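In our numbering, each residue's number is its place in the sequence shown (first place is 1) plus 4. C-beta: ideal position from N, C-alpha, C; glycine also. From a predicted model like this one, the values you see are computed outputs, not experimental measurements. Worksheet: the structure to be examined is printed underneath.
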Amino acid sequence: EIAGHVFVSPNLAAHWPALDAFEGEDYVRELTRAILADGTEVEACVYALAEAKRPRSSEHSLGGPSRTT
């Protein structure tokens with residue numbers, strides 16, 4: 005579960021290029037489901053870290069490469 009905000013625009017398609025440019029090449033837009041505060045489910049796009057930028061399985065998401073002592 006991730007807390008966030010859902011923004012709605014009747015002209016959303018016109019805004020995608022600017023939003024994508026703002027997020028940059030490190031992030032990709034992905035379609036997902038969001039649950040609003042009232043319990044309503046809606047489709048929403050989120051920006052997620054691009055596959056090439058994601059840590060490898062041997063790395064921790066917050067701690068960098070794993071170490072053994």
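Going by DSSP, which residues form a beta bridge with residue i?
| i | result |
| --- | --- |
| Thr-36 | Ala-48 |
How far does the alpha helix (DSSP H) with residue i in it reach, from first residue to last?
| i | result |
| --- | --- |
| Phe-26 | 16–27 |
Assuming residue i and residue j are in contact, meaning their beta carbons sit under 8 Å apart, how far apart are those beta carbons, in whole angstroms?
| i | j | result |
| --- | --- | --- |
| Val-46 | Ala-38 | 5 Å |
| Thr-36 | Ala-48 | 6 Å |
| Val-50 | Glu-34 | 6 Å |
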